[in-house]
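Letter by letter, the sequence shown follows residues 1 to 150 of UniProt numbering. Note that the Cβ used here is the ideal one computed from N, Cα and C, for glycine as well. On a predicted model such as this, the values are computed, not experimentally measured, just so you know. In what follows, a single structure is set out as structure tokens and then discussed.
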Amino acid sequence: MVRHYIVLSIILIMTLLLMGCNKNNKEKNLGRINFEGESEHWNAIIHEEYEEIWEKGDKNRLEYNHSVKQTLELIYKGKDDKKPDFVDFECNGPAGSIGHRLYAGENGNFFEVFYQGGNNATIAREHDTFRLIIRWEKDREEIIELKAAK
1 MVRHYIVLSI ILIMTLLLMG CNKNNKEKNL GRINFEGESE HWNAIIHEEY EEIWEKGDKN
61 RLEYNHSVKQ TLELIYKGKD DKKPDFVDFE CNGPAGSIGH RLYAGENGNF FEVFYQGGNN
121 ATIAREHDTF RLIIRWEKDR EEIIELKAAK
């Protein structure tokens, strides 16, 4: 009977040790970067949140996964009495290009959220820039370069 408890105790200790070792095989990095820029009529911000995970997989190989959420915020600062109801935008950055029409929110600002996940996601770093083209009304257009805020 005592022998049985000794064996169970050894198994329990080994299991706890293995569980503790397994936790050390995974490392997470959470980060945030804001990219900012402005033009005559617009302030633009891209809020980026990302998660990077490194962990040991099969055959003790290191595996890397990550995900990114970027939120574009456009704030009209023109002196016109009426803010535009919609804008067409094009954003070029490290992950490529995206663009379409945005409609103003309740506060008159414009928001767009981009999600990327898996190994195809691109995390923008502090040295990266975004080029944003904003078109509104019939023929108005401005270009903004967004850089990492310091």
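Cα separation between residue i and residue j?
i: Ile33; j: Lys77; result: 23 Å
i: Asp88; j: Gly99; result: 7 Å
i: Phe114; j: Asp58; result: 32 Å
i: Arg101; j: Phe86; result: 7 Å
i: Tyr50; j: Gly105; result: 25 Å
i: Gly118; j: Gly96; result: 16 Å
i: Leu132; j: Cys91; result: 5 Å
i: Arg140; j: Asn107; result: 22 Å
i: Lys83; j: Asn60; result: 57 Å
i: Asn29; j: Glu126; result: 15 Å
i: Trp42; j: Gln70; result: 19 Å
For the beta strand (DSSP E) containing residue i, list its first residue and its last residue.
i: Ser39; result: No beta strand (DSSP E) contains Ser39, which DSSP labels as neither H nor E.
i: Asp88; result: 86 to 93
i: Ala148; result: 140 to 148
Confirm, please, whether the CB-CB distance from residue j to residue i is below 8 Å.
i: Gly37; j: Ile134; result: no
i: Ser150; j: Phe35; result: Looking at the sequence provided, one finds Lys at residue 150 rather than Ser. The answer is no: Cβ separation not under 8 Å.
i: Gly93; j: Ala121; result: no
i: Glu40; j: Glu142; result: yes
i: Lys26; j: Ile53; result: yes
i: Leu72; j: Glu112; result: yes
i: Glu48; j: Val68; result: yes
Can you tell me which of the three DSSP states residue i falls into?
i: Asp58; result: helix
i: Gly118; result: helix
i: Arg125; result: coil
i: Gly96; result: strand
i: Gly31; result: strand
i: Cys21; result: Annotation note: pLDDT 49 at Cys21 (below 50); position unreliable, no value reported.
i: Lys26; result: strand
i: Lys83; result: coil
i: Asn65; result: strand
i: Glu137; result: coil
i: Glu51; result: strand
i: Glu73; result: strand
Report, in whole angstroms, the separation of the C-beta atoms of residue i and residue j, which I expect to be a contact under 8 Å.
i: Phe110; j: Leu74; result: 4 Å
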